[in-house]
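Enquirer: For reference, each letter of the sequence shown is one residue, going 230 to 575 in this note's numbering. Glycine residues also receive a C-beta, built at the ideal position from the N, C-alpha and C atoms.
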Amino acid sequence: MLKLSKAHWSFGLIMLFLILLLLFWIGSRPPRVLVIQSYSLDYPWTADLDQAIHKVLDQKPYETHWLFMDTKRNPDAASKQAAGEKARALIEEWEPEIILTVDDNAQEYVAKHYVDNEDIQIVFSGVNKDPRTYGYTNASNVTGLRERLDYINIKSLLFYLLPAGQRNFIHISDNTASSQGRRKELEAFNWKPLEFKGSVQVTTFDEWKQAIKAADKIAKVLVLTQYHTILRAQDSNERVPPSEIISWTQKNSKLLMIGLFIFHVKTGGTIAVGPNPQEHGYDAANRVIALLEKNTTPRALGIQDNKDFILFMRNKDDSISKRSLEKLDLSIIYDAYALMGQKRLE
Numbered sequence: 230m231l232k233l234s235k236a237h238w239s240f241g242l243i244m245l246f247l248i249l250l251l252l253f254w255i256g257s258r259p260p261r262v263l264v265i266q267s268y269s270l271d272y273p274w275t276a277d278l279d280q281a282i283h284k285v286l287d288q289k290p291y292e293t294h295w296l297f298m299d300t301k302r303n304p305d306a307a308s309k310q311a312a313g314e315k316a317r318a319l320i321e322e323w324e325p326e327i328i329l330t331v332d333d334n335a336q337e338y339v340a341k342h343y344v345d346n347e348d349i350q351i352v353f354s355g356v357n358k359d360p361r362t363y364g365y366t367n368a369s370n371v372t373g374l375r376e377r378l379d380y381i382n383i384k385s386l387l388f389y390l391l392p393a394g395q396r397n398f399i400h401i402s403d404n405t406a407s408s409q410g411r412r413k414e415l416e417a418f419n420w421k422p423l424e425f426k427g428s429v430q431v432t433t434f435d436e437w438k439q440a441i442k443a444a445d446k447i448a449k450v451l452v453l454t455q456y457h458t459i460l461r462a463q464d465s466n467e468r469v470p471p472s473e474i475i476s477w478t479q480k481n482s483k484l485l486m487i488g489l490f491i492f493h494v495k496t497g498g499t500i501a502v503g504p505n506p507q508e509h510g511y512d513a514a515n516r517v518i519a520l521l522e523k524n525t526t527p528r529a530l531g532i533q534d535n536k537d538f539i540l541f542m543r544n545k546d547d548s549i550s551k552r553s554l555e556k557l558d559l560s561i562i563y564d565a566y567a568l569m570g571q572k573r574l575e
């Protein structure tokens, strides 16, 4: 019969102690939350939303890590695929309990690969596409907030701003997947008695200029959504700064211009009405807390639409003010356009 020496027993006990210590550490370490942003902090929507996430999660004893895919500045398919692979590699290595994925590219290239994964819960935010696109609707491990525009109030705003016989508008944007989604929503909505003159998506600055000049001949209002991926030229990877796009548009268009995201005012526009990015950030962070601390499940939390919409305006002194869309006072919008020297419709 093999006899173990005292040294062997000591080594065995040490190894057993290390294994138990490792198991204890794994079981007692703080929950890990990986925040995956589709874009970068130079995009105002991302910055505002991310600020809200920080305000909530920075107060919690979780291990929280941030990853920015930067697909707004690198919108080509290869770059988005590479960013998604990097994020998935980090997930496999770091093994977070929750991935908090913001905007559609983070869903398409990362989160959808973990649907019904028993080891990871998905909290999404800022999603434009139908959640069914990513397999989320019946998933056991997914919860989140869809991003929707308040088309009913936008319709009312345009109706009261425009005189009878001139109640028409055109939508112009860049040519991202998100913008294509907005186009479908605009086309599906019942705008009567307004007349929707169509939606134009462009890739280059020259195409943008052509679309703006053509719009002057057929519409009374420019409705703008995203324009952050417009290229300087067809054979160039240089993106035109959003502020330059808006500055050129203001100088070269006679139309009333309204943005459907509040960053429109931050990039030089006068009026914007859109979803509150901080609602998305607070909602996502609070869903994380509910999952980790309140013994609830993603399915119990469900999937909802955003509800908070804000009117942003640039004032005479170039400051920016905001109001809830629910308390809309049209007189202040007229005043804003007058102060900024915008053409008034009669």
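Since Ser407 and Gln455 should fall inside the 8 angstroms C-beta cutoff, what is the C-beta to C-beta distance between them, to a whole number of angstroms?
Expert: Yes, they are in contact, since the Cβ atoms of Ser407 and Gln455 sit about 6 angstroms apart, within 8 angstroms.
Enquirer: On the DSSP bridge list, what partners appear for Trp323?
Expert: None; Trp323 has no bridge partner.
Enquirer: When burial is assigned at 16 or more other CB atoms within 10 Å of the CB, is Asp333 buried or exposed?
Expert: By the 10 Å Cβ count, Asp333 comes out buried.
Enquirer: Please go through the same chain and pick out, in chain order, the residues whose beta-carbon is closer than 7 angstroms to the beta-carbon of Glu424, but skip the five residues on each side of it.
Expert: So the list reads Arg396 and Asn397, once near-sequence residues are dropped.
Enquirer: Give the list of continuous beta strand (DSSP E) stretches no shorter than 3 residues that lie fully inside the segment 279-329.
Expert: For the segment 279-329, whole beta strand (DSSP E) runs of length 3 or above, ordered along the chain, are 292-297.
Enquirer: Can you give the beta carbon distance from Phe538 to Val502, rounded, assuming they're within the 8 angstroms contact cut?
Expert: The pair is a contact, with the Cβ atoms about 7 angstroms apart (cut-off 8 angstroms).
Enquirer: Apply the 10 Å Cβ neighbour rule to Trp323 and answer buried if 16 or more other Cβ atoms are within range, or exposed otherwise.
Expert: Exposed: under 16 other Cβ atoms inside 10 Å.
Enquirer: Comparing C-alpha positions only, which one of Glu347, Ala335 and Asp348 sits nearest to Pro360?
Expert: Cα-wise, what sits closest to Pro360 is Ala335.
Enquirer: Does Lys438 come out as helix, strand or coil in the three-state DSSP assignment?
Expert: Helix.
Enquirer: Ignore the nearest five residues each way along the sequence and tell me which others in Arg317's own chain have a CB closer than 7 angstroms to its CB.
Expert: Cβ neighbours of Arg317 beyond the five flanking positions: Val339 and His342.
Enquirer: Spatial neighbours of His509 within its chain, please: CB distance less than 8 angstroms, with the 5 preceding and 5 following residues excluded, ordered by chain position.
Expert: The residues are Leu278, Ala281, Val331, Ser354, Gly355, Leu374, Glu376 and Asn535.
Enquirer: CA-CA distance, Ile320 and Arg302?
Expert: Approximately 23 angstroms between the Cα atoms of the pair.
Enquirer: Taking the alpha-carbon positions, what's the Ala276 to Ala393 distance?
Expert: Going from the Cα of Ala276 to the Cα of Ala393 covers about 40 angstroms.
Enquirer: Relative to the alpha-carbon of Gln430, which residue among Arg543, Ile381, Phe388 and Arg411 has its alpha-carbon at the smallest distance?
Expert: Comparing Cα positions, the closest option is Arg411.
Enquirer: So, are the CB atoms of Thr499 and Leu460 less than 8 angstroms apart?
Expert: In this structure, Leu460 does not lie closer than 8 angstroms to Thr499 by Cβ.
Enquirer: Just verifying my parser: in three-state terms, what is the DSSP assignment at Ile509?
Expert: It is worth fixing the name first, because residue 509 is His in this sequence and not Ile. His509 falls in the helix class under three-state DSSP.
Enquirer: Using DSSP's beta-bridge definition, name the partner residues of His400.
Expert: Its beta-bridge partners are Ser428 and Val452.
Enquirer: Do you know whose CA, among Thr526, Met542 and Pro506, lies nearest Tyr272's CA?
Expert: Of the candidates Thr526, Met542 and Pro506, the one whose C-alpha sits nearest the C-alpha of Tyr272 is Pro506.
Enquirer: What are the boundary residues of the beta strand (DSSP E) that includes Lys551?
Expert: Counting along the chain, the beta strand (DSSP E) containing Lys551 begins and ends at Ile549 to Ser553.
Enquirer: So, at 7 angstroms on beta carbons, what are the nonlocal neighbours of Ile447 in its own chain, with the 5 sequence-adjacent residues on each side left out?
Expert: Contacts found: Ile399 and Lys426.
Enquirer: Is the distance from the Cβ of Asp403 to the Cβ of Asn370 below 8 angstroms?
Expert: Not a contact, by the Cβ cut-off of 8 angstroms.
Enquirer: Could you compute how far the alpha carbon of Leu489 sits from the alpha carbon of Val452?
Expert: About 7 angstroms.
Enquirer: Does Phe492 come out as helix, strand or coil in the three-state DSSP assignment?
Expert: Phe492 falls in the helix class under three-state DSSP.
Enquirer: Between Ala440, Ser465, Gly497 and Tyr380, which lies nearest to Glu473 when the distance is taken from Cα to Cα?
Expert: Answer by Cα proximity: Gly497.
Enquirer: Around the C-beta of Tyr422, are 16 or more other C-beta atoms found within 10 angstroms, so that it is buried, or is it exposed?
Expert: A small correction: the amino acid at residue 422 is Pro; Tyr does not occupy that position in the sequence shown. Pro422 comes out exposed.
Enquirer: If we call anything under 8 angstroms between Cβ atoms a contact, is Asp182 one with Ser269?
Expert: Residue 182 is absent from the model: the chain starts at 230 and stops at 575.
Enquirer: Use the C-beta contact count for Pro290: other C-beta atoms within 10 angstroms, 16 or more gives buried, fewer gives exposed.
Expert: Flag for Pro290 reads exposed.
Enquirer: So, using beta-carbon positions, are Pro325 and Leu521 closer together than 8 angstroms?
Expert: Contact flag unset, no.
Enquirer: Given that a residue counts as buried once 16 or more other Cβ atoms are within 10 Å of its Cβ, and exposed if not, what is Asn357?
Expert: So Asn357 counts as buried.
Enquirer: Give the range of the beta strand (DSSP E) segment to which Ile459 is assigned.
Expert: Premise fails: Ile459 is in no beta strand (DSSP E) and is neither H nor E.
Enquirer: For Pro471, I'd like the list of residues in its chain whose CB is within less than 7 angstroms of its CB, leaving aside the five on either flank, ordered along the chain.
Expert: Answer for Pro471: Tyr456, His457 and Thr496, listed in chain order.
Enquirer: Going by DSSP, what residues sit across from Pro504 in a beta bridge?
Expert: In the DSSP output, where bridge partners are listed per residue, Pro504 has Phe538.
Enquirer: Sorted by chain position, which residues of the same chain lie with C-beta nearer than 6 angstroms to Lys551's C-beta, five sequence neighbours on each side aside?
Expert: Excluding sequence neighbours, Lys551 sits near Ile539 and Phe541.
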